[in-house]
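In the UniProt record's numbering, the protein residues as written are 1 to 567.
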């Protein structure tokens, strides 16, 4: 019996499809068995099998779910976000914003094309819609049934696992707002699915019930429940509450900073970065950057530079951290380090212009837009030229260490030692990597590089603080020595003036001694004459006394010869 080639081709095609489906099922089955062991090596091997299954069937929902959960178990959160980035809410919003008004016409054209595609595409002319069998009247109830059936089919196709897995990955990547939206959506979908599957009125509620362990209740009365799903639901609830707490604290800190309450903002951000429960790498980098801005506004330059260092250790491509640290170094006139940061920023801008996109994956947040980069690059180039001219003119040694340490000019030695001790305890290089213990890295392979960057930047800041301490201390010692010299000169001047006064008083006393002796004797004679007014001896001839005084002078004793008459 002869067999037609068309039938051979159809049999071959059918056999190939069945073989392909069997291979996919086999790969998925083996991968599930390896994932159930919960060993890292086995989960890695399961990923290889799932990649092979997805290469044969890219739309296999079970293989996609197992791959996403395996990546989440291996803490490869970036791969999960790249795999499911179409479901990230902020990425959709940013793409909508970037399209702008320019793409509004294009979107309207696409919408009109989609509306055209709703009709039956046929070679028949559009002027005769009567002959189109698909163009017919229908009732609203039929349309509603079809839409609901499509939604149910869509739900069964996608499932809530995308929202739950992607929400956990976004939480570990620092996208807290996206994680909250995704986890809440996943919980709503899970509760809705449970309500649809419930068989009694008591099970028809919005939350998953607690496991009943009472032995007298028969298992036939209630359907068996999955313990792993319940534990996963509890973990999701705890994670969601933690995310809400972090978002509330961050919102309060930003509001305090906008209101000018920088100490309050610093306190809120410190609660986040020094919390007991570790936070994600991206979220901590963002909080450190906000706290650095608050420190800068409050005048605490050393703390602001330290937070910029931590931000750059967690995220080396942070444009805002590089700009802020360069501005702080320029404020204290540390021009070489400022030029180094600006050159690094220029290289980053050039790489952005070369790649035609901002650094990092599409879902990463930036404080700038791509269209702002050319203008920033031109302004940065001009600023670098001005700073190079200042360095060439010799302004490198005039660093304001008082502003770095946080002291005023003319401070005492005790104030300097206290401020230096506090800064050394906070920014000691040995403690530079302590914040990493409270950080959940997006990829564990980045741990060594993050530690190296943190140690290097902390060492540079510590050396700058030590140099500032020695400089300010030498200035204080010079002021103390000058003050001692001034005190010695003042003491010598006072002693000289005292000696001159003593000499003058001695001279005055030596000149006044004879006169005072004569006056004393005259006064005593007058007293005696007064007492013996009717019995004593006295001289009546005043003219003779005046001639005697003029002859002998006042400095020599006057010989007086008394003659008296008795009464």
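Just so it is clear, CB atoms sit at the ideal spot from N, CA and C, and this is done for glycine as well.
Residue i in three-state terms, based on DSSP
i, result
"residue 308", "helix"
"residue 279", "strand"
"residue 39", "coil"
"residue 439", "strand"
"residue 374", "helix"
"residue 500", "helix"
"residue 387", "helix"
"residue 316", "coil"
"residue 19", "helix"
"residue 411", "coil"
"residue 468", "helix"
"residue 616", "This structure leaves residue 616 out entirely; the chain is present only between 1 and 567."
"residue 434", "helix"
"residue 290", "helix"
"residue 90", "helix"
"residue 134", "With a pLDDT of 40 at residue 134, under the threshold of 50, the predicted position of this residue should be treated as unreliable, though the coordinate-derived value follows. In the structure shown, residue 134 sits in coil (DSSP, three-state: anything other than H, G, I, E or B)."
"residue 259", "coil"
"residue 323", "helix"
"residue 450", "helix"
"residue 185", "helix"
"residue 395", "coil"
"residue 509", "helix"
"residue 367", "coil"
Cβ pair residue i, residue j closer than 9 Å
i, j, result
"residue 405", "residue 420", "yes"
"residue 324", "residue 308", "yes"
"residue 60", "residue 53", "yes"
"residue 302", "residue 465", "yes"
"residue 176", "residue 236", "no"
"residue 391", "residue 468", "no"
"residue 282", "residue 173", "yes"
"residue 435", "residue 271", "no"
"residue 165", "residue 28", "no"
"residue 442", "residue 77", "yes"
"residue 240", "residue 180", "yes"
"residue 444", "residue 75", "yes"
Terminal residues of the alpha helix (DSSP H) in which residue i lies
i, result
"residue 361", "Element bounds for residue 361: n/a, residue is neither H nor E."
"residue 350", "335 to 355"
"residue 82", "77 to 83"
"residue 65", "61 to 73"
"residue 265", "262 to 273"
"residue 162", "161 to 173"
"residue 332", "Here residue 332 belongs to no alpha helix (DSSP H), and DSSP marks it neither H nor E."
Beta-carbon contacts of residue i that lie in its chain and below 8 Å, excluding the five residues immediately before and after
i, result
"residue 257", "265, 290, 293, 294 and 297"
"residue 73", "35, 38 and 43"
"residue 24", "53, 56, 57, 60 and 63"
"residue 300", "406"
"residue 353", "373, 374 and 377"
"residue 415", "407"
Rounded separation between residue i and residue j - CA only
i, j, result
"residue 20", "residue 56", "7 Å"
"residue 437", "residue 288", "15 Å"
"residue 244", "residue 388", "47 Å"
"residue 505", "residue 481", "36 Å"
"residue 185", "residue 402", "53 Å"
"residue 238", "residue 66", "23 Å"
"residue 26", "residue 69", "19 Å"
"residue 381", "residue 430", "36 Å"
"residue 365", "residue 317", "11 Å"
"residue 40", "residue 71", "11 Å"
"residue 384", "residue 396", "15 Å"
"residue 451", "residue 280", "16 Å"
"residue 484", "residue 490", "10 Å"
"residue 234", "residue 195", "18 Å"
"residue 479", "residue 393", "29 Å"
"residue 423", "residue 417", "10 Å"
"residue 503", "residue 493", "15 Å"
Residues near residue i by beta carbon distance below 6 Å, same chain, minus five either side
i, result
"residue 618", "With the chain running from 1 to 567 in the structure shown, residue 618 is simply not present."
"residue 178", "88, 89, 90 and 170"
"residue 253", "265, 268 and 269"
"residue 30", "49"
Other residues of its chain near residue i: CB distance less than 7 Å, five sequence neighbours each side excluded
i, result
"residue 432", "454, 455 and 458"
"residue 82", "361"
"residue 305", "325, 328 and 461"
"residue 284", "273, 314 and 439"
"residue 162", "84 and 87"
"residue 413", "476"
Residue i: CB within 8 Å of a non-hydrogen atom of the ligand MG
i, result
"residue 88", "Among the components modelled here there is no ligand, and therefore nothing to report on the ligand MG."
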